[in-house]
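I have placed the structure first, in the form of structure tokens, so that the comments after it can refer back to it.
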Amino acid sequence: MSVMPLKTTSPALRSPAAAAPAQRLSDHARLLIVWLVLLAVPFVSPNSYVVSLANLMLINVILIASLNLLMGYGGQISLGHAAFYGLGAYVSGVLGVKLGWSPWIGLPVAALVTGLSALIIGIPALRLRGLYLSMATLGWNAILVVMFNRLIDLTGGPNGLLGVKPFAFGTFALDTDARQFPLVWLVSLLVMVAILHLLRSRIGRALRAVATNELGADAVGINSFRTKLLFFVLTAGMAGIAGSLYVHINQYASPETFSVSSSILLVVMVALGGSGTYWGPIVGALIYTAVPQLLLDYEDAELMLFGLGMLLVLILSPSGLTGVPGALIKRFSGRAS
Amino acid sequence: MQTGSAALQLLVAGIGTGSIYALIALGFNVVFKSTGAMNFAQGEWVVMGGMISALLFASFSNIGIACVAAVLIVMMVGILSERLVIWPLRRPNTLLITLVSIGLAIFTRSLVMMILGKKPVGYPAFSQTATLTVGGITIQTQTLWIIGLTLAFLVIMHFFFERSIIGKALRAAAADRDAAAIVGVKVETTVMLSFAIAAFAGALAGAIITPLTLSSYDQGAMFGFKGFSAAMLGGVGSLPGAVIGGLALGLLEAFGSFYISSDFKDAIAFAVLLLILFVRPSGFLGRADVVKV
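Which chain is which? The protein sequence lines are D and V, in order.
Under my numbering, the first residue of the first sequence carries the number 1, and numbering increases by one thereafter.
Under my numbering, the first residue of the second sequence carries the number 1001, and numbering increases by one thereafter.
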């Protein structure tokens, strides 16, 4: 087995001229349509529980889409994405609880702090290839989980961080699921647009070149170390934003949400959705949010069914669930022509 | 207790834990060598080794038979796992195998939980006398068993890889798959063999640590991470590296938790580990990443 990073490119992300005829809409238009449809969720939901799930799902979209940018397009496996998520949540939450900072300031600070921490880890860890980043991020995650648990005065320890304030416009607090939804909706849309633009920019193409062949990329004048570092920092910052949203929306955070196991599950979700595909993370976020709810009735069998399902998807369709319709369309249109 | 004897006692305990990590790291390395992937199921085999030993001990009440049988059973599980989930992959690559191993780990863990139960299980130490007092320090005899059996396993592995034709075939396939295939090595089979060895090493670790720590279905991930860390610390893919990495991690934990803080034990171990890796990225014994074009 040759050691090769996964490189699958969504057809729509290649040059517009190469786009398949089936894809008449640009990704921008599709994104807008999907998010406009999502906007209906609070109006058609039978209860606020469904809206809260939609909020969580959109936060997960930010989380998984950012990891996909790093892992799917950049070929860098991070086992610490949940750590950045958690760091964002705790930075924003603790600043609010202990210092009374507004969540509106907490959110950018969370993004900055997580991005900075990624810079510090990334500088030594990204100089090398292979499992090195995985190890460094795994260690980072393990360290942070201990800190969340043990710095009890600051974080509340295993009981979690309590008393986090919601986002608010003056006295109008975003303290119900329906009020929070527009904020999460907007931020997740902005992140998805940002990722789309990043991918189509020069540095986005550089990232994919690095993932395909680092030496080749270096040879044509791309600084692969800087490219990897930039995306590592950016995606960590996005996870930090997701964390800040999470903590102020739940008004609570506890360490186990941000464990190494969560990081690994996020990697799994990227793969299940379709690693290195633009729409994959949305499928991944749906699974990540829905599966625990759907399998509640099975209790003990929950994990087994999940593991089994995951194995089946990976063995039968290595490009993830979003790859299935694409393959079908290709086969279908191939037959028609 | 005097500081000197305390340090000595920590040294022995650290080597004991380190031996366990070394065994797990060895399993990691063998699979890494043959597939280039991280095997997340490694830790689950450790748990399985301990829990099946406990189940068999309850039926046969002979620790030796129970542990040997359990290790062999887990080895079969390793072989079966490879045949069922790795072998069917049509276009295997490093990332895909790593991801599949995560699925395998989740599936294995829940299977262990459903079949062997959620309660922590254990059995008595291998020797009747639980502790020995030598030169003012108290040592658990099980720790000596752990160190001795690990050492024996490592020696066997060394001769297996250096002398036996199968071991040489494994090394050949790890060095260059295509070249190995040309000279008649069945490369597909070497992946299966590497899973067998990895499962064996993991189960052995689980079977010998259980008298000290008990085994429960949810410990697998922790064992896996520690083993992976030890492998990275020693230098991924290196057999002596696994030993040195494992021992270093075990000692780091033992001394860190005693002299600094047991609350922050894992954080200290990982922080030092990262520092070492930042200074010496290829690990203690690893060679610098060979670039393939």
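Just so it is clear, CB atoms sit at the ideal spot from N, CA and C, and this is done for glycine as well.
Keep in mind that this is a model prediction, so the values were computed, not measured.
| Query | Result |
| --- | --- |
| Any alpha helix (DSSP H) of 4 or more consecutive residues that is wholly inside the region 74-162 of chain D | 81-99, 103-125, 132-150 and 152-155 |
| Status (buried if at least 16 other CB within 10 Å, exposed otherwise) for Lys1118 of chain V | exposed |
| Contact list for the region 1244-1273 of chain V against chain D, Cβ threshold 7 angstroms | Asp1263, Phe1264, Asp1266, Ala1267, Phe1270, Ala1271 and Leu1273 |
| C-beta neighbour in chain V for Leu344 of chain D, strict 8 angstroms | With chain D covering only 1 through 337, there is no way to say anything about residue 344 of chain D. |
| Own chain, CB closer than 8 angstroms to Gly115 of chain D, minus 5 neighbours either side, in chain order | Val233, Leu234, Ala236, Gly237 and Gly240 |
| Exposure of Leu13 of chain D, with buried meaning 16 or more beta-carbon neighbours within 10 Å | Reliability fails at Leu13 of chain D, whose pLDDT of 48 lies under 50, so the model's placement of it is uncertain and the value that follows must be treated cautiously. Classification of Leu13 of chain D: buried, given that the 10 Å Cβ count is 16 or more. |
| 6 angstroms Cβ shell around Leu1252 of chain V - same chain, five flanking residues per side excluded | Ala1269 and Val1272 |
| CA-to-CA distance, Thr1003 of chain V to Met4 of chain D, given in whole angstroms | Because the pLDDT at Met4 of chain D is just 43, under 50, the model does not fix this residue reliably, and the point stays unresolved. |
| Per-residue DSSP class, three states only, for Pro21 of chain D | Annotation note: pLDDT 46 at Pro21 of chain D (below 50); position unreliable, no value reported. |
| Asp1138 of chain V burial status per 10 Å Cβ neighbour count (16 or more: buried) | It is Thr, not Asp, that sits at residue 1138 of chain V in the sequence shown. It counts as exposed. |
| Interface flag, Gly1103 of chain V vs chain D, CB-CB below 8 angstroms | yes |
| For Thr1190 of chain V, the nearest candidate out of V:Lys1168, V:Ala1207, V:Leu1275 and V:Pro1211 (CA to CA) | V:Lys1168 |
| Exposure of Lys338 of chain D, with buried meaning 16 or more beta-carbon neighbours within 10 Å | The displayed coordinates of chain D run from 1 to 337. Any statement about residue 338 of chain D would go beyond what the structure contains. |
| Proximity of Pro1211 of chain V and Gly1148 of chain V at Cβ, strictly below 8 angstroms | no |
| Span of the beta strand (DSSP E) around Thr171 of chain D | Taken as a continuous stretch (DSSP letters only), Thr171 of chain D belongs to no beta strand (DSSP E), as it is neither H nor E. |
| Residue range of the beta strand (DSSP E) that includes Gln251 of chain D | Looking at the DSSP string, Gln251 of chain D is not in any beta strand (DSSP E), and its letter there is neither H nor E. |
| Straight-line gap, Tyr288 of chain D to Phe1161 of chain V (C-alpha atoms, nearest Å) | 43 angstroms |
| Cutoff 8 angstroms: Asp177 of chain D Cβ touching any chain V Cβ | no |
| Alpha-carbon spacing of Ser1164 of chain V relative to Asn68 of chain D, whole angstroms | 44 angstroms |
| CA nearest to the CA of Leu31 of chain D, picked from D:His197, D:Gly96, D:Pro103 and D:Leu131 | D:His197 |
| According to DSSP, residues forming a beta bridge with Ile1137 of chain V | V:Val1134 |
| CB of Leu1277 of chain V within 8 angstroms of CB of Met1222 of chain V, strictly | no |
| Three-way DSSP call (helix, strand, coil) for Ser188 of chain D in this model | helix |
| CA nearest to the CA of Met1295 of chain V, picked from V:Val1236, V:Ile1208, V:Gly1206 and V:Ala1173 | Chain V is shown from 1001 up to 1293; residue 1295 of chain V falls before or after that span and cannot be answered. |
| Neighbour list for Met1297 of chain V in chain D, Cβ cutoff strictly below 8 angstroms | Because chain V spans 1001 through 1293 in this model, residue 1297 of chain V falls outside it and cannot be assessed. |
| Residue from D:Val193, D:Met57 and D:Leu38 with nearest C-alpha to Gly243 of chain D | D:Met57 |
| C-alpha gap between Ala178 of chain D and Val191 of chain D, whole angstroms | 21 angstroms |
| Reference Arg1156 of chain V, options V:Trp1045, V:Ala1066 and V:Leu1026, closest by Cα | First, the residue type needs correcting, since residue 1156 of chain V is Ile and not Arg in the sequence shown. Among V:Trp1045, V:Ala1066 and V:Leu1026, the Cα nearest to that of Ile1156 of chain V belongs to V:Leu1026. |
| Same chain, Cβ closer than 8 angstroms to Leu1089 of chain V, five either side skipped, listed in chain order | Leu1096, Ile1097 and Val1100 |
| Val1121 of chain V - partner residues in DSSP beta bridges | V:Ser1215 |
| Neighbour flag for Pro1088 of chain V against chain C, beta carbons, 8 angstroms | Structure shown: chain C not included; protein chains present are D and V. |
| Where Val1047 of chain V sits in the DSSP three-state scheme | helix |
| Contacts of Arg150 of chain D in chain V (Cβ-Cβ under 9 angstroms) | Ser1261, Asp1263, Phe1264 and Ala1267 |
| Residue from D:Asp27, D:Ala65, D:Phe167 and D:Leu112 whose Cα sits closest to the Cα of Ser102 of chain D | D:Phe167 |
| Cβ contact (3+ pairs, closer than 8 angstroms) linking the region 256-273 of chain D and the region 74-86 of chain D | yes |
| Other residues of its chain near Leu38 of chain D: CB distance less than 8 angstroms, five sequence neighbours each side excluded | Ala54, Leu58 and Trp185 |
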